[in-house]
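So the sequences go chain by chain: A and B.
For the first sequence, the residue numbers in the numbering used here are 1 to 346.
For the second sequence, the residue numbers in the numbering used here are 1 to 586.
For each residue, glycine too, the CB sits at the ideal point set by N, CA and C.
The structure displayed is predicted, hence computed values, not measured ones.
A short worksheet on the structure shown next.
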Amino acid sequence: MSRGMHGRLRRALWLVPLAAVHLALLFPGFFAPYDFAEQNRDFPFVAPTRLHCVDAAGAFHLRPFVYALKTDDVSSVVQEDTSRIFPLRFFITGSRYSVLGHWHARLHLFGVERPGRLWLFGTDDFGRDVFSRMLFGGRISVCAGILGAAIALFAGASLGVLAGFYGRGTDAALMRLVELFLALPWLYLLLAVRAILPLRIRTIDAFLLLVAVTGLIGWARPARLVRGMVLSARERGFVLAARSMCASDWHILRRHILPQTYATLLTIAVLLVPQFILAEVTLSFLGLGVSEPIPSWGNLLAQLQSYRVLTSYWWMYLPAATLVMLFLLYHRASSALEKRATQVSV
Amino acid sequence: MSRYLFWGASLPLIAACVLATGFPLPAAAQDEVLKTGVPGKTGGSLTVALRTEPKTLNPVLSVDAASREVIGAMQADLIHINRETQRTEPALATDWKISPDGKRYTLHLRRGVKFSDGAPFDADDVLFSFGLYLDEKLNSPQRDLLLFNDKPLAVAKLDRYSVQFDLPRPYGAGVRLFDGLAMMPRHLLETPYHEGKLAQMWGVNSPAGALAGLGPFRLKEYVPGQRLVLERNPNYWKTDAQGVRLPYLSQLVFSFVASEDAQVVGLQRGEADILERLRADDYSVLQRDAQRRVCLRDLGPGLESIFLFFNLNHLDSAKQPDLAPKQEWFRDLRFRQAVSLAMDRKGMARLVYGGLATPIWTSATPGNKLWVNAALPHPERSIEQARALLQSSGFRWDAQGQLLDAHSRPVAFTILVSSSNAQRSRLATLAVDDLKQLGMDVQVVPMEFRALVDRVLNTKNYEAVLMNIVNGDADPTPEMNLWLSSGEMHLWDLGEAQPATPWEAEIDRLMRAQLVATRFTARKQAYDRVQELALQNLPLIFLLSPNILVAARPTVGNFRPAILEPYALWNADQLFVRPAGSATCQ
Numbered sequence: 001m002s003r004g005m006h007g008r009l010r011r012a013l014w015l016v017p018l019a020a021v022h023l024a025l026l027f028p029g030f031f032a033p034y035d036f037a038e039q040n041r042d043f044p045f046v047a048p049t050r051l052h053c054v055d056a057a058g059a060f061h062l063r064p065f066v067y068a069l070k071t072d073d074v075s076s077v078v079q080e081d082t083s084r085i086f087p088l089r090f091f092i093t094g095s096r097y098s099v100l101g102h103w104h105a106r107l108h109l110f111g112v113e114r115p116g117r118l119w120l121f122g123t124d125d126f127g128r129d130v131f132s133r134m135l136f137g138g139r140i141s142v143c144a145g146i147l148g149a150a151i152a153l154f155a156g157a158s159l160g161v162l163a164g165f166y167g168r169g170t171d172a173a174l175m176r177l178v179e180l181f182l183a184l185p186w187l188y189l190l191l192a193v194r195a196i197l198p199l200r201i202r203t204i205d206a207f208l209l210l211v212a213v214t215g216l217i218g219w220a221r222p223a224r225l226v227r228g229m230v231l232s233a234r235e236r237g238f239v240l241a242a243r244s245m246c247a248s249d250w251h252i253l254r255r256h257i258l259p260q261t262y263a264t265l266l267t268i269a270v271l272l273v274p275q276f277i278l279a280e281v282t283l284s285f286l287g288l289g290v291s292e293p294i295p296s297w298g299n300l301l302a303q304l305q306s307y308r309v310l311t312s313y314w315w316m317y318l319p320a321a322t323l324v325m326l327f328l329l330y331h332r333a334s335s336a337l338e339k340r341a342t343q344v345s346v
Numbered sequence: 001m002s003r004y005l006f007w008g009a010s011l012p013l014i015a016a017c018v019l020a021t022g023f024p025l026p027a028a029a030q031d032e033v034l035k036t037g038v039p040g041k042t043g044g045s046l047t048v049a050l051r052t053e054p055k056t057l058n059p060v061l062s063v064d065a066a067s068r069e070v071i072g073a074m075q076a077d078l079i080h081i082n083r084e085t086q087r088t089e090p091a092l093a094t095d096w097k098i099s100p101d102g103k104r105y106t107l108h109l110r111r112g113v114k115f116s117d118g119a120p121f122d123a124d125d126v127l128f129s130f131g132l133y134l135d136e137k138l139n140s141p142q143r144d145l146l147l148f149n150d151k152p153l154a155v156a157k158l159d160r161y162s163v164q165f166d167l168p169r170p171y172g173a174g175v176r177l178f179d180g181l182a183m184m185p186r187h188l189l190e191t192p193y194h195e196g197k198l199a200q201m202w203g204v205n206s207p208a209g210a211l212a213g214l215g216p217f218r219l220k221e222y223v224p225g226q227r228l229v230l231e232r233n234p235n236y237w238k239t240d241a242q243g244v245r246l247p248y249l250s251q252l253v254f255s256f257v258a259s260e261d262a263q264v265v266g267l268q269r270g271e272a273d274i275l276e277r278l279r280a281d282d283y284s285v286l287q288r289d290a291q292r293r294v295c296l297r298d299l300g301p302g303l304e305s306i307f308l309f310f311n312l313n314h315l316d317s318a319k320q321p322d323l324a325p326k327q328e329w330f331r332d333l334r335f336r337q338a339v340s341l342a343m344d345r346k347g348m349a350r351l352v353y354g355g356l357a358t359p360i361w362t363s364a365t366p367g368n369k370l371w372v373n374a375a376l377p378h379p380e381r382s383i384e385q386a387r388a389l390l391q392s393s394g395f396r397w398d399a400q401g402q403l404l405d406a407h408s409r410p411v412a413f414t415i416l417v418s419s420s421n422a423q424r425s426r427l428a429t430l431a432v433d434d435l436k437q438l439g440m441d442v443q444v445v446p447m448e449f450r451a452l453v454d455r456v457l458n459t460k461n462y463e464a465v466l467m468n469i470v471n472g473d474a475d476p477t478p479e480m481n482l483w484l485s486s487g488e489m490h491l492w493d494l495g496e497a498q499p500a501t502p503w504e505a506e507i508d509r510l511m512r513a514q515l516v517a518t519r520f521t522a523r524k525q526a527y528d529r530v531q532e533l534a535l536q537n538l539p540l541i542f543l544l545s546p547n548i549l550v551a552a553r554p555t556v557g558n559f560r561p562a563i564l565e566p567y568a569l570w571n572a573d574q575l576f577v578r579p580a581g582s583a584t585c586q
């Protein structure tokens, strides 16, 4: 018993960082020290701000602090101005942001007084705080990714189960539909969609559009996969036995067939979410995603496509590295869920 | 679309070095082919990286930049513009005479010139070539150039080595007209032409023997997707100062590398020797290359200008009801002035181009030294002045700082930008932030390039656009289509039956006057005034001109790029391979 509790706790520990990340993404304005669009044109591509504990005179400070930056006009080299220290402060008042789109606030979890700056992940080509952009970008990307994947999976799984379970005409019709969706020239279709839509798309509409497009394009492959699984499951001994005992279709599906697909669905989900987050880059290229200056993880990653950024500014990898960690967490969470699902079904 | 100006985005349209210009015109010229390069070593091979494959090797049909690049190394024209001096020099014509009324040009051809296949070149080839360029059915991109008020120029043979051209009206740019018009071999193409097969001739897949030209190189081999190899033309007519027959190189290879990043890596690794169009980002990467494996040239601002403009088209307000109220702002000169004043041109040059671009206020860039109106002011960026202008025009601000017009409507609009050009998207991001400081709510809409062009030229369904044009030459003649109110590229208000404003009427008059004036000072005066009117009325808000950046390995001898296309290959016949050991950047 205690061992079971212990194992469950250990598994649940994985959920803590995941929950923390999502909390931060839900309230990016509070966790991010700066506004995502705030430019500092004198400080493009500045490396992450260094937190000090020992000042230039050699004195130790218990509270970490930063130095303000200054640029040399001629060489445009950025240097620390050691004449004054800016201690790290919690619950500091800063730029205005909206909370869940309804309320406005100025309170930030941490920051430093101006003109000191705390750029945890450095700045991008316009001197914008990469860390703040990552948090704000995550709100759109993660929600769109998860929602899109959920729609694609739900639609794909439902239709796949129908096709696999009922076979014959239903199967043939649904599978032809799947093939149609896989064969459609999406690029041109999306261009046409862009031509119909008004030029100005509000961020919320862009978000819904992202979800709709990824969901619509993404359901076909899971549908095929699930259909295959259901097709094989339906001939298994225990299904035939249940059928011989006059079990209803719904009972057989719920009790015997659907549980067989859970593991696969979870795996697909874990693969689809990052895939959909990246799809946003392509959609932005076609004018269907979110556009500058609003950040998304897609356009944060897209910056790495530049050879110059790739070879010169290591801190531009930080969002990518963070995303890899996050996706690993997702993966971990999904395997934990999968284990639980199999335990339950056994 | 115009063949004079082209968009420098993903679609490389006609470079057509259709030059024309208003340098003081000599009435007659002597055969003085400039031999400015250092004497080179014969032999060796150089590789040039191209982003796209040439579509054709037929000069009559080529429109894309890659084709023109390759054809430029294989063909020759009668009178050529030296890309370094920007002046005309004799090529296949040794000298010429212009009649006093400016309508008749008499050209004398170089004697003893042979095509790359050994056949002799004479006046019949010239007549044949002009016949091709003027043929309506072939629809050659060069055809427009040879039409004056819709009337073609007439060509007549005087004797085997003399040709006479009659223009329907005087032409300000004079013999610069002949640059880029390749002379074609009649002996090879006459039969296919009469059979109507010319359009299928000289594709990239043609066997090497089927092509002949008068340029320094001839086709050797084409490997689809990989490279196109040219070899030395043994019959080329130019020699260097020591009398050594050019070209020096025995081979010129064009390798196809689709991505710009891969091109840079290829250059560093020695897979390519010359890169003609370097992005500012790549320039700074190569600059930091500690081993100095690459020589870089920053030629300063070229003839490309990037600008912002508003939709001033006179449209049916029932069809686009949302646009009509916005056009009220766009038509307000003080609104446009405020926008121009808010633009941080220096910041754009620094942040987007790493300082490798120059702020501009008129269509003639500082690279166009002869034509730029240096007397025009360059208003400094000033948010206060911009706000004052808006206020004087009836705009005001609400409590949140949002700009409202006289009817209390919030000022909000979109700027279209080509999504395939990362730098321009970044410029737009900066512009949006600049305009935010005026309280304008502006959104960037990245759009696939062709969809964008369609909106600008056809559906006219847009609010503002950030785009660029590249001038084929320093001369203002290529800009006729842009400035004339009836021009095909009169972007901000296409298809005006009558000039919509008095200043547009004045620009029309001035542009037409410079086209036919033969005196440079008169032409310059007219074009100066055009620039002044454009700056006063801001139909296009000019922002930047990116510098022309070219790179080559230190082994390339006579590497002397110029700001006119082809930047590095204009002296392909004088390029040579320097011994690897002695090679440092010159």
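For B/Val-244, is the classification buried or exposed, using 16 other Cβ atoms within 10 angstroms of its Cβ as the cut-off for buried?
The residue labelled residue 244 of chain B in the question sits at position 244 within the second sequence. It is exposed - the Cβ of B/Val-244 has fewer than 16 other Cβ atoms within 10 Å.
Measuring only between beta-carbons, confirm whether A/Pro-198 sits less than 9 Å from chain B.
Numbered from 1 along the first sequence, position 198 holds the residue referred to as residue 198 of chain A. It does: the Cβ of A/Pro-198 has a partner Cβ on chain B nearer than 9 Å.
Spatially closest choice to A/Phe-136 from A/Tyr-330, A/Pro-293 and A/Thr-311, by CA coordinates
What you label residue 136 of chain A is simply residue 136 of the first sequence in a count that begins at 1. When only C-alpha atoms are compared, the closest one is A/Pro-293.
Just to confirm before moving on: does the CB-CB distance between A/Tyr-34 and A/Ser-98 stay below 9 Å?
For this step, residue 34 of chain A is matched to residue 34 along the first sequence. For this step, residue 98 of chain A is matched to residue 98 along the first sequence. No, they are not a contact pair.
Helix, strand or coil for A/Leu-329, going by three-state DSSP, please let me know.
Start at 1 with the first residue of the first sequence, and residue 329 of chain A comes out as number 329. Looking at A/Leu-329 - three-state DSSP - the assignment turns out to be helix.
C-beta neighbour in chain A for B/Gln-402, strict 9 Å:
Counted from its first residue, the second sequence places residue 402 of chain B at position 402. It does not; no Cβ of chain A falls within 9 Å.
Does any residue of chain A bring its CB to less than 9 Å from the CB of B/Val-265?
Here residue 265 of chain B refers to the residue found at position 265 when the second sequence is read from its first residue. B/Val-265 counts as touching chain A.
For B/Leu-538 versus B/Arg-336, is the C-beta spacing smaller than 9 Å?
On the second sequence, position 538 is the one that residue 538 of chain B refers to. On the second sequence, position 336 is the one that residue 336 of chain B refers to. Their beta carbons are under 9 Å apart, which means B/Leu-538 touches B/Arg-336 by this criterion.
Neighbour flag for B/Asp-347 against chain A, beta carbons, 9 Å
Within the second sequence, the letter at position 347 stands for residue 347 of chain B. First, the residue type needs correcting, since residue 347 of chain B is Gly and not Asp in the sequence shown. Judged by the 9 Å Cβ criterion, B/Gly-347 is in contact with chain A.
Distance between beta carbons of B/Leu-569 and B/Ala-73, contact taken as under 8 Å
Walking along the second sequence from the start, residue 73 of chain B turns up at place 73. Walking along the second sequence from the start, residue 569 of chain B turns up at place 569. Indeed they touch by this definition, with Cβ atoms about 6 Å apart.
Indicate whether at least one CB of chain A lies closer than 9 Å to the CB of B/Met-440.
Within the second sequence, numbered from 1, the residue matching residue 440 of chain B stands at position 440. Closer than 9 Å: no.
Should A/Ser-306 be flagged as near chain B, meaning a C-beta pair shorter than 9 Å?
As a first step, residue 306 of chain A must be located in the first sequence, where it is residue number 306. Chain B contact via Cβ: present.
Mind pulling the chain B residues with CB within less than 9 Å of A/Leu-284?
Position 284 of the first sequence holds residue 284 of chain A. Checking the displayed sequence, the identity of residue 284 of chain A turns out to be Ser instead of Leu. Near A/Ser-284 (Cβ distances below 9 Å), the residues of chain B are Ser-419 and Pro-446.
So with CB distances below 7 Å, who are the chain A contacts of B/Ser-425?
Here residue 425 of chain B refers to the residue found at position 425 of the second sequence. Residues of chain A passing the Cβ test: Glu-292.
Distance between B/Arg-512 and B/Leu-116 (C-alpha atoms, nearest Å):
Against the second sequence, residue 116 of chain B aligns to sequence position 116. Against the second sequence, residue 512 of chain B aligns to sequence position 512. Residue identity check: residue 116 of chain B is Ser in the sequence provided, not Leu. Rounded to the nearest angstrom, the two C-alpha atoms are 41 Å apart.
Do you know how far the Cα of B/Pro-185 is from the Cα of B/Met-201?
Within the second sequence, numbered from 1, the residue matching residue 201 of chain B stands at position 201. Within the second sequence, numbered from 1, the residue matching residue 185 of chain B stands at position 185. Cα to Cα, the separation comes out at about 12 Å.
What's the gap between the Cα of B/Tyr-248 and the Cα of B/Leu-296?
Along the second sequence, one-based indexing puts residue 248 of chain B at 248. Along the second sequence, one-based indexing puts residue 296 of chain B at 296. Computed Cα separation, rounded: 22 Å.
In the DSSP output, which residue or residues are listed as bridge partners for B/Lys-151?
Taking the first residue of the second sequence as position 1, residue 151 of chain B is located at position 151. B/Phe-148.
B/Ala-375, buried or exposed, once every other Cβ within 10 Å from all chains shown has been counted against 16
Within the second sequence, the letter at position 375 stands for residue 375 of chain B. With fewer than 16 Cβ atoms within 10 Å of its Cβ, B/Ala-375 is classed as exposed.
Taking the Cβ atom as the reference point for each residue, do A/Leu-18 and A/Leu-326 lie within a distance shorter than 9 Å?
To locate residue 18 of chain A, count along the first sequence from 1; it is residue 18. To locate residue 326 of chain A, count along the first sequence from 1; it is residue 326. Closer than 9 Å, so yes.
Coil, strand or helix - B/Leu-252 by DSSP
In the second sequence, residue 252 of chain B corresponds to position 252, counting from 1. Residue state, collapsed to three classes: strand.
For A/Ser-95, would you say it is in contact with chain B, using Cβ-to-Cβ distances shorter than 9 Å as the test?
Working through the first sequence from its first residue, we reach residue 95 of chain A at position 95. Closer than 9 Å: no.
Inspect the CB distances between the region 202 to 214 of chain A and the region 251 to 262 of chain A and report whether three or more fall short of 8 Å.
no
Chain B residues whose Cβ lies nearer than 9 Å to that of A/Arg-332
Along the first sequence, read from residue 1 onward, the residue named residue 332 of chain A stands at position 332. None at all; the shortest Cβ gap to chain B is about 34 Å.
Do you know offhand how far A/Met-175's Cα is from A/Arg-255's?
As a working note, residue 175 of chain A is residue 175 in the first sequence. As a working note, residue 255 of chain A is residue 255 in the first sequence. C-alpha separation (whole angstroms): 25 Å.
Find the nearest neighbour of A/Ser-141 within the set A/Pro-87, A/Arg-41, A/Gln-275 and A/Ala-155, judged by alpha-carbon distance.
What you label residue 141 of chain A is simply residue 141 of the first sequence in a count that begins at 1. It is A/Gln-275.
With A/Ser-95 as the anchor, note down where its beta strand (DSSP E) starts and where it stops.
Walking along the first sequence from the start, residue 95 of chain A turns up at place 95. Note, A/Ser-95: beta strand (DSSP E), 89 to 99.
Are the CB atoms of B/Leu-132 and B/Ala-123 nearer to each other than 9 Å?
Against the second sequence, residue 132 of chain B aligns to sequence position 132. Against the second sequence, residue 123 of chain B aligns to sequence position 123. No, they are not a contact pair.
Taking A/Phe-43 and A/Val-78 to be in contact with their CB atoms under 8 Å, please state how far apart those CB atoms are, rounded to whole angstroms.
Your numbering for residue 43 of chain A matches position 43 in the first sequence. Your numbering for residue 78 of chain A matches position 78 in the first sequence. A/Phe-43 to A/Val-78, Cβ: 6 Å. Contact.
7 Å Cβ shell around B/Gln-30 - same chain, five flanking residues per side excluded
Working through the second sequence from its first residue, we reach residue 30 of chain B at position 30. Note that B/Gln-30 has pLDDT 47, beneath the 50 cutoff, so the model's placement of it is unreliable and the number below is only indicative. Asp-95.
Write down the C-beta distance between A/Arg-41 and A/Gly-156 rounded to the nearest angstrom, noting that I regard them as a contact closer than 8 Å.
Here residue 41 of chain A corresponds to residue number 41 of the first sequence, with the count starting at 1. Here residue 156 of chain A corresponds to residue number 156 of the first sequence, with the count starting at 1. That pair is no contact at about 47 Å.
Whole angstroms is fine: what's the gap from B/Tyr-527's alpha carbon to B/Trp-371's?
As a first step, residue 527 of chain B is located in the second sequence; it is residue number 527 there, counting from the start. As a first step, residue 371 of chain B is located in the second sequence; it is residue number 371 there, counting from the start. The straight-line gap from Cα to Cα measures roughly 8 Å.
Could you check if B/Glu-504 is buried or exposed, using at least 16 other CB atoms within 10 Å of its CB as the buried criterion?
As a working mapping, residue 504 of chain B is identified with position 504 in the second sequence. By the 10 Å Cβ count, B/Glu-504 comes out buried.
Got a sec: is the Cβ-Cβ distance from B/Leu-430 to anything in chain A below 9 Å?
For this step, residue 430 of chain B is matched to residue 430 along the second sequence. For B/Leu-430, the answer is yes, since a Cβ of chain A falls inside 9 Å of its Cβ.
Rank B/Pro-170, B/Tyr-161, B/Leu-549 and B/Thr-52 by C-alpha distance to the C-alpha of B/Pro-152 and give the top, closest one.
Residue mapping note: residue 152 of chain B aligns to position 152 of the second sequence, counting from 1. Among B/Pro-170, B/Tyr-161, B/Leu-549 and B/Thr-52, the Cα nearest to that of B/Pro-152 is on B/Pro-170.
Contact set between B/Ala-351 and chain A, taken where Cβ atoms lie within less than 9 Å
On the second sequence, residue 351 of chain B is found 351 positions in, with the first residue counted as 1. The sequence as given places Leu at residue 351 of chain B; Ala does not occur at that position. Neighbours of B/Leu-351 on chain A, chain order: Gln-39, Arg-41, Pro-44, Asp-125, Phe-126 and Gly-127.
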